[in-house]
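>
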Amino acid sequence: MKLKTVTVCLMAVLMAAGCSRYKDVSIENVAVKQFNMTSLSTAKVKIEATINNPTGSRLYLKAVTGVIRLDNKSVASFTMDTTLLFTPRGISTNEGNLHLKITNLMSLFSGSFDLDESVLERLKLDFNATVRSGCIKHHMKFMDIPAKNIFEL
1465 MKLKTVTVCL
1475 MAVLMAAGCS
1485 RYKDVSIENV
1495 AVKQFNMTSL
1505 STAKVKIEAT
1515 INNPTGSRLY
1525 LKAVTGVIRL
1535 DNKSVASFTM
1545 DTTLLFTPRG
1555 ISTNEGNLHL
1565 KITNLMSLFS
1575 GSFDLDESVL
1585 ERLKLDFNAT
1595 VRSGCIKHHM
1605 KFMDIPAKNI
1615 FEL
């Protein structure tokens, strides 16, 4: 009986130690590799993501959904339709596809949207991501992230 108790306690400690590094996972870079408009309000975007994974197991970036805001007004929403795999204990890069849906066409057609370098300073991202490692899922929430800090265009 004591052997079962010790085994369960040991497994609990090991699982807690393995999960403690999830907070250290960070997005190093996201680069837009390809941008194709599929209609007036939708686009398919191929991205290359670089993530620092200090955990001891492979990470699968599964469900990513988010909103792009321009001057605190929602402009577009996006979802990722592929699962990205990142290697353990290091920085790795992988490519995936996003589906982008422009939700506020008026902000784009008004004179307030100029395509220059200052756009990245005004664009903010809010997104949720689900990361899976083995049988453990971890939900990450990123709010008010400047596009300038993430995207390399």
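Residue numbers (my numbering): 1465 to 1617.
Yeah, the Cβ is synthetic: ideal placement off N, Cα and C, and Gly gets one too.
Do you know offhand how far A1513's Cα is from I1491's?
Position 49 of the sequence shown, counted from the first residue, corresponds to residue 1513. Position 27 of the sequence shown, counted from the first residue, corresponds to residue 1491. The straight-line gap from Cα to Cα measures roughly 8 Å.
> Would you report the Cα separation of V1583 and I1566, rounded to the nearest angstrom?
Counted from its first residue, the sequence shown places residue 1583 at position 119. Counted from its first residue, the sequence shown places residue 1566 at position 102. For V1583 and I1566, the distance between alpha carbons rounds to 16 Å.
> Can you tell me where the alpha helix (DSSP H) with V1583 in it begins and where it stops?
What you label residue 1583 is simply residue 119 of the sequence shown in a count that begins at 1. Unbroken alpha helix (DSSP H) run through V1583: 1582-1586.
> Less than 9 Å between the beta carbons of F1591 and V1539, yes or no?
Along the sequence shown, one-based indexing puts residue 1591 at 127. Along the sequence shown, one-based indexing puts residue 1539 at 75. Contact flag unset, no.
> Leaving aside the five residues before and after N1516 along the sequence, list all residues of the same chain whose C-beta is less than 6 Å from its C-beta, in chain order.
Here residue 1516 is taken as the residue at index 52 of the sequence shown, counted from 1. Cβ within range, chain order: S1490, E1492, I1555.
> By the DSSP assignment, the beta strand (DSSP E) with R1522 in it spans what residues?
Walking along the sequence shown from the start, residue 1522 turns up at place 58. Taken as a continuous stretch (DSSP letters only), R1522 belongs to no beta strand (DSSP E), as it is neither H nor E.
> Taking the alpha-carbon positions, what's the K1612 to A1495 distance?
For the purposes of this step, residue 1612 is identified with residue 148 of the sequence shown, where counting begins at 1. For the purposes of this step, residue 1495 is identified with residue 31 of the sequence shown, where counting begins at 1. So the two alpha carbons sit approximately 11 Å from each other.
> Residues in the same chain with beta-carbon distance under 6 Å from F1542, minus the five sequence neighbours each way, listed in chain order, please.
In the sequence shown, the residue the question calls residue 1542 occupies position 78. Around F1542: G1530, L1562, L1564.
> Could you work out which residue in L1589, R1553, E1559 is closest to K1605 when comparing CA atoms only?
On the sequence shown, position 141 is the one that residue 1605 refers to. Nearest C-alpha to K1605: L1589.
> Assuming the contact rule is C-beta atoms closer than 8 Å, T1502 and K1508 should be a hit. Round their C-beta distance to whole Å, please.
Taking the first residue of the sequence shown as position 1, residue 1502 is located at position 38. Taking the first residue of the sequence shown as position 1, residue 1508 is located at position 44. Indeed, because the Cβ distance is near 6 Å, the residues count as touching under 8 Å.
> Taking the straight line between their C-alpha atoms, what separation do you get for C1599 and P1552?
In the sequence shown, counting from the first residue as 1, residue 1599 sits at position 135. In the sequence shown, counting from the first residue as 1, residue 1552 sits at position 88. The alpha-carbon atoms of C1599 and P1552 are separated by roughly 15 Å.
> Given a threshold of 16 other Cβ atoms within 10 Å of its Cβ, counted over all protein chains shown, does L1628 qualify as buried or as exposed?
Only positions 1465 to 1617 of the chain appear in the structure, and residue 1628 is not among them; the question remains open.
> Compare the Cα-Cα distances from D1608 to each of L1525, D1488, R1586 and report the closest residue.
Looking up residue 1608 in the sequence shown gives position 144. Residue R1586 is the option with its Cα nearest to D1608.
> Look at L1548 and N1558 and say whether their C-beta atoms are less than 9 Å apart.
On the sequence shown, position 84 is the one that residue 1548 refers to. On the sequence shown, position 94 is the one that residue 1558 refers to. In contact: L1548 and N1558 (Cβ atoms closer than 9 Å).
> In chain order, what residues of the same chain have a beta carbon less than 6 Å from the beta carbon of V1498, not counting five sequence neighbours either side?
What you label residue 1498 is simply residue 34 of the sequence shown in a count that begins at 1. According to the sequence as given, residue 1498 is Gln; it is not Val. For Q1498, where only same-chain residues beyond five positions count, the Cβ hits under 6 Å are K1510.
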